[in-house]
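Below you'll find the structure, written out as structure tokens, and then a few comments.
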């Protein structure tokens, strides 16, 4: 998995939403940060709202659910892709990636460890 990759679970390995990798694998441990897209509803986190056209997967107004952001092992995710548990989708554009990363830093719902890795990705550390 690389920064900007997007994937969807074929089986309930993880939450059934589009997931986006927002950091490159960390040197030494291969950890990445991934966030998921969910439908926008009343009370949704407004830090990064997505519209139809932002990504081919987006069918209606959606949002990034930063409270569900996860730190994962890139090699393990690659194995899940190889085994058919995850289906790769179109990569996100650089502009959308930047919006998602900035939203993670702005959201009060983003776990602190996730924000730390994103700051490192953006050279803010």
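Numbering (our numbering), first residue to last: 8 to 132.
Where a beta carbon is used, it is the ideal one built from N, C-alpha and C, also for glycine.
The structure displayed is predicted, hence computed values, not measured ones.
Between residue 28 and residue 85, what straight-line distance do the alpha-carbon atoms span, to the nearest angstrom?
-> Put simply, the backbone Cα of residue 28 is about 12 angstroms away from that of residue 85.
Close-in-space but distant-in-sequence residues of the same chain around residue 66 (CB under 8 angstroms, 5 per side omitted) | Counting only Cβ-Cβ distances below 8 angstroms, and skipping sequence neighbours, we find 59.
When you compare only the Cα positions, how much space is there between residue 102 and residue 109?
-> Whole-angstrom Cα-Cα distance: 11 angstroms.
Could you tell me the boundaries of the beta strand (DSSP E) in which residue 95 lies?
-> Residues 93–96.
So the beta strand (DSSP E) residue 76 belongs to, where does it begin and stop?
-> Segment: none, residue 76 is in no beta strand (DSSP E) and carries neither H nor E.
Per DSSP, residue 43 forms a beta bridge with which residues?
-> 26.
Under 8 angstroms, do residue 36 and residue 72 count as touching if we go by C-beta distance?
-> Cβ atoms of residue 36 and residue 72: not closer than 8 angstroms.
Measuring CB to CB, does residue 51 end up less than 8 angstroms from residue 30?
-> Cβ distance not < 8 angstroms, so residue 51 and residue 30 don't count as in contact.
Beta-carbon proximity check, residue 111 vs residue 62, cutoff 8 angstroms | Pairing residue 111 with residue 62 gives a Cβ-Cβ distance that is not under 8 angstroms.
Let me know the secondary structure DSSP gives residue 70 once reduced to three states.
-> Residue 70 sits in a strand when the DSSP states are folded into three classes.
Could you give the distance in angstroms between the alpha-carbon of residue 81 and the alpha-carbon of residue 48?
-> Looking at the two C-alpha atoms, the distance is approximately 30 angstroms.
For residue 78 and residue 25, believed in contact at Cβ under 8 angstroms, the rounded distance = With a Cβ gap of about 18 angstroms, residue 25 and residue 78 do not count as contacting.
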